[in-house]
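Data first, discussion second: the structure below is written as structure tokens.
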Amino acid sequence: GNSVTQMEGPVTLSEEAFLTINCTYTATGYPSLFWYVQYPGEGLQLLLKATKADDKGSNKGFEATYRKETTSFHLEKGSVQVSDSAVYFCALSGGADSSYKLIFGSGTRLLVRP
Amino acid sequence: EAQVTQNPRYLITVTGKKLTVTCSQNMNHEYMSWYRQDPGLGLRQIYYSMNVEVTDKGDVPEGYKVSRKEKRNFPLILESPSPNQTSLYFCASGGVGIYGYNSPLHFGNGTRLTVT
Chain A
-9 GNSVTQMEGP
1 VTLSEEAFLT
11 INCTYTATGY
21 PSLFWYVQYP
31 GEGLQLLLKA
41 TKADDKGSNK
51 GFEATYRKET
61 TSFHLEKGSV
71 QVSDSAVYFC
81 ALSGGADSSY
91 KLIFGSGTRL
101 LVRP
Chain B
-8 EAQVTQNPRY
2 LITVTGKKLT
12 VTCSQNMNHE
22 YMSWYRQDPG
32 LGLRQIYYSM
42 NVEVTDKGDV
52 PEGYKVSRKE
62 KRNFPLILES
72 PSPNQTSLYF
82 CASGGVGIYG
92 YNSPLHFGNG
102 TRLTVT
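Chains as they are written, first to last, in the numbering used here: chain A, -9 to 104; chain B, -8 to 107.
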């Protein structure tokens, strides 16, 4: 079945450092890919999405490109801020067996120090 | 304000005592779903509903029940809770179209359940 694998956390960075959080997926068909962010004590919020190969999703300085050839959707940000500290989830939906199901990775905690 | 409201935020109960976690959305979304979040496992889907009176099992439905009598509400029922159901629970809703989601999922703020 479909699945999502994320890099283990926590990831600890200094403010203004470059961020990469790796995400790879396994899916049949053509899924949509998402990054959700969870701030402490809150539910998940959609950060960005991409619905087809080579699409780039972007929001709040974060970017991720849908790479079908490497089945990846890595999250990047050029200069992180303390306020970016949160848990980040990669997810997919659609494809051959999960049209209405959102399948999540295990989450990566990001801690940004001043 | 568009939102998904879950209650309660925190709940401590004992094994076997029936409980209900409520979920309500004000966006007229067809799709609603329950997830549980456990360390190292991410979010796993418990049940979902495509519309009123239409529900289906997710990946981890054992020990849970749901109902969808109205479009806005999707309660999660634990008839006989056990300690392995101690977890953080999230309700979510979204609009759907022919090819899947046509809006991002909106999540509630979570319910932290402890079963002793």
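Just so it is clear, CB atoms sit at the ideal spot from N, CA and C, and this is done for glycine as well.
As the structure is a computational prediction, the values presented were derived from the model and not from experiment.
Per-residue burial, residue i [other beta carbons within 10 Å of its own, 16 or more giving buried]
| i | result |
| --- | --- |
| residue 57 of chain B | buried |
| residue -9 of chain A | exposed |
| residue 32 of chain B | exposed |
| residue 73 of chain A | exposed |
| residue 72 of chain B | buried |
| residue 52 of chain A | buried |
| residue 0 of chain A | exposed |
| residue 71 of chain A | exposed |
| residue 100 of chain A | buried |
| residue 5 of chain B | exposed |
| residue 89 of chain B | In this predicted model, residue 89 of chain B has a pLDDT of only 46, less than 50, meaning its place in the structure is not dependable enough to derive any value. |
| residue 91 of chain A | buried |
| residue 98 of chain A | buried |
| residue 27 of chain B | buried |
| residue 59 of chain B | buried |
| residue 8 of chain A | exposed |
| residue 31 of chain A | exposed |
| residue 27 of chain A | buried |
N- and C-terminal bounds of the beta strand (DSSP E) containing residue i
| i | result |
| --- | --- |
| residue 100 of chain B | Note, residue 100 of chain B: premise wrong, no beta strand (DSSP E); not H, not E. |
| residue 15 of chain A | 13 to 16 |
| residue -6 of chain A | -7 to -4 |
| residue 24 of chain A | 21 to 28 |
| residue 16 of chain B | 10 to 16 |
| residue -3 of chain B | -5 to -2 |
For residue j and residue i, believed in contact at Cβ under 8 Å, the rounded distance
| i | j | result |
| --- | --- | --- |
| residue 102 of chain B | residue 2 of chain B | 6 Å |
| residue 10 of chain A | residue 59 of chain A | At roughly 18 Å, the Cβ-Cβ gap does not stay under 8 Å, so residue 10 of chain A and residue 59 of chain A are not in contact. |
| residue 63 of chain B | residue -3 of chain B | With 8 Å as the limit, residue 63 of chain B and residue -3 of chain B do not qualify as a contact, their Cβ atoms being about 13 Å apart. |
| residue 14 of chain B | residue 67 of chain B | 7 Å |
| residue 16 of chain A | residue 61 of chain A | 7 Å |
| residue 24 of chain B | residue 83 of chain B | 5 Å |
| residue 34 of chain A | residue 79 of chain A | 6 Å |
| residue 21 of chain A | residue 69 of chain A | Actually they do not touch by this definition, with Cβ atoms about 30 Å apart. |
C-beta neighbour in chain E for residue i, strict 7 Å
| i | result |
| --- | --- |
| residue 95 of chain A | Protein chains A and B are contained in the structure displayed, whereas chain E is not. |
Exercise for review: Mind listing, in chain order, the continuous alpha helix (DSSP H) runs of no fewer than 4 residues lying wholly within the region 60 to 90 of chain A?
Suggested key: none
Review point. Between the region 32 to 65 of chain A and chain B, which residues of the former have CB atoms less than 8 Å from a CB of the latter, in chain order?
Key: 32, 33, 34, 35, 36, 39
**Study point:** Chain-ordered residues of the region 11 to 43 of chain B with a beta carbon less than 9 Å from chain A
**Key:** 22, 24, 26, 28, 30, 31, 32, 33, 34, 35, 36, 39, 41
Review point. Of the residues that make up the region 62 to 83 of chain B, which ones have a beta carbon closer than 7 Å to any beta carbon in chain A?
Key: 81
**Study point:** Sequence ranges, beta strand (DSSP E) only - wholly within the region 31 to 87 of chain B, length at least 3
**Key:** 33 to 42, 45 to 48, 67 to 69, 78 to 85
Practice item. Output, in sequence order along the chain, the residues in the region 93 to 106 of chain B whose CB is closer than 9 Å to any CB in chain A. Key: 95, 96, 97, 98, 99, 100, 101
Check your understanding: Name the residues in the region 69 to 86 of chain A whose C-beta lies less than 7 Å from a C-beta of chain B; which are they?
Key -> 79, 83, 84
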